[in-house]
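Engineer: Input: one structure, supplied below.
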Amino acid sequence: MRTFHTGGVASFTFTKSMIVTNNFGYVYFKNCKCLLNYKNELIILNNFSFLIIKNFNQQENYKLSYGEKILIRNGIFIKKKIKIKNLENNFCIYSENVGYFFFNEIL
1336 MRTFHTGGVA
1346 SFTFTKSMIV
1356 TNNFGYVYFK
1366 NCKCLLNYKN
1376 ELIILNNFSF
1386 LIIKNFNQQE
1396 NYKLSYGEKI
1406 LIRNGIFIKK
1416 KIKIKNLENN
1426 FCIYSENVGY
1436 FFFNEIL
């Protein structure tokens, strides 16, 4: 009988490739760890963060996943039908700290 390993350190799932807003409002991030890349995009570093668009009448909540690129900033006012998230089809591992890593005894 065989056992199969599912999951692990680098497990990852694809979600919707982009988000377009349905309403206007102010943008807020909740529980968000992120970094800024050279294209001035925010890259999400955790799976438990949310993007909230809040106006006087409604509130939209979007779950953000690891590796997604956010095109807008916290606290700004956005209009209707604006693209706010982009997910490319490649997967990278990002570090929260600066430093070096070394490979040892790779077979």
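Residues in the sequence shown are numbered from 1336 upward in steps of one, following this note's numbering.
Positions of the beta carbon are idealized from the N, C-alpha and C atoms, including for glycine.
Since the model is a prediction, treat every value here as computed from it, not as a measurement.
Determine the direct distance from the alpha carbon of residue 1366 to that of residue 1392, and round the result to whole angstroms.
Structural biologist: 23 Å
Engineer: Using DSSP bridges, identify the partner residues of residue 1371.
Structural biologist: The bridge partners DSSP lists for residue 1371 are 1377.
Engineer: Exposed or buried, residue 1402, counting other C-beta atoms within 10 Å across all chains shown (16 or more means buried)?
Structural biologist: buried
Engineer: Just to confirm before moving on: does the CB-CB distance between residue 1396 and residue 1387 stay below 8 Å?
Structural biologist: For the pair residue 1396 and residue 1387, the CB atoms are nearer than the 8 Å cut-off.
Engineer: I think residue 1360 touches residue 1389, with their Cβ atoms under 8 Å apart; what is that distance to the nearest whole Å?
Structural biologist: 5 Å
Engineer: Are the beta-carbon atoms of residue 1355 and residue 1407 separated by less than 8 Å?
Structural biologist: no
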